[in-house]
Ligand code: HEM
Ligand code: HEM
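In our numbering, the protein residues as written are 651 to 846.
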């Protein structure tokens with residue numbers, strides 16, 4: 651070891667708290683799904699503002715629906731993986747109310763990750779026209795029903811506010827853990843970092 655490696659020595663002297671992480675597959679799914687959520691929402695905001703006559707409007711709708719269905723499939727995969735392996739225990743020293751709030755908000759996030767695509771699917775599949783998945787194949791139709799499509803639309807449009815609130819809470823909570831508590835919570839969703 652070189653003389654100037656004093657930094658390395660002192661870093662090694664710091665007792666390392668073992669971070670309990672989600673598996674690499676779970677981590678990858680988390681970040682891909684987060685990216686897709688940050689894609690599906692701006693697509694929705696843009697597409698609903700477009701005049702019907704605008705060329706390319708349909709492409710925005712197809713992309714919104716296809717990304718939304720992808721989120722549904724990935725959410726199901728993540729839940730299956732989650733059931734197969736124990737979830738890492740919460741960081742030490744977390745107050746009980748915070749641990750309960752974290753678990754509750756995660757299950758609410760899962761709920762909207764299912765309810766949003768399913769209501770979006772019902773809204774379109776029970777209505778006229780077909781829904782293509784990235785132009786590869788058409789999603790199956792439901793029996794045509796204005797009422798069913800209307801229920802899907804109401805659920806979809808109302809639940810969007812829960813999505814915004816939950817994502818805002820989730821990201822703020824993650825920032826609070828990083829900046830204020832510094833308890834390694836974000837590391838649970840990241841691969842191990844090398845200090846040297
Ligand atoms: C996680 C998945 C999804 C999220 C977060 C999401 C979010 C949204 C939001 C926020 C809007 C309303 C935009 C606005 O009015 O400002 C919207 C509209 C819409 N979404 Fe989704 N969506 C998702 C999945 C889907 C899927 C899978 C489909 C269909 C297969 C779909 C079909 C639609 C349609 C047709 C509209 C326009 C509704 C209207 O104004 O009549 N969405 N979506
Ligand atoms: C910048 C954005 C984001 C950050 C920094 C972030 C950070 C985190 C962290 C640190 C955890 C682990 C929490 C713990 O173990 O107690 C987590 C879990 C989770 N995140 Fe995110 N997240 C982000 C975006 C999102 C988005 C957009 C969604 C979906 C709407 C999402 C859904 C989830 C879910 C469902 C869990 C629970 C995982 C489980 O236990 O199965 N996250 N996130």
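Beta carbons are placed, not taken as given, at the ideal position from N, Cα and C, and that holds for glycine.
Owing to the predicted nature of the structure, the values given are computational and were not obtained by experimental measurement.
- Cβ neighbours of residue 680 within its own chain (closer than 6 Å, five residues either side excluded): 839.
- Around residue 808, the same chain offers no residue with a beta carbon nearer than 7 Å, after the five sequence neighbours per side are excluded.
- 711 is the residue among 728, 711, 671 and 677 whose C-alpha sits nearest the C-alpha of residue 771.
- Our two residues, residue 810 and residue 783, have alpha carbons roughly 22 Å apart in a direct line.
- Around the beta carbon of residue 769, 16 or more other beta carbons sit within 10 angstroms, so the residue counts as buried.
- In terms of Cα proximity to residue 778, the closest of 790, 691 and 692 is 790.
- When the five nearest sequence neighbours on each side are left out, the beta carbons in the same chain lying within less than 8 Å of the beta carbon of residue 683 are those of 721, 724, 725, 728 and 763, in order along the chain.
- Here residue 843 has 837 as same chain residues with Cβ atoms under 8 Å from its own Cβ, once five neighbours each way along the sequence are excluded.
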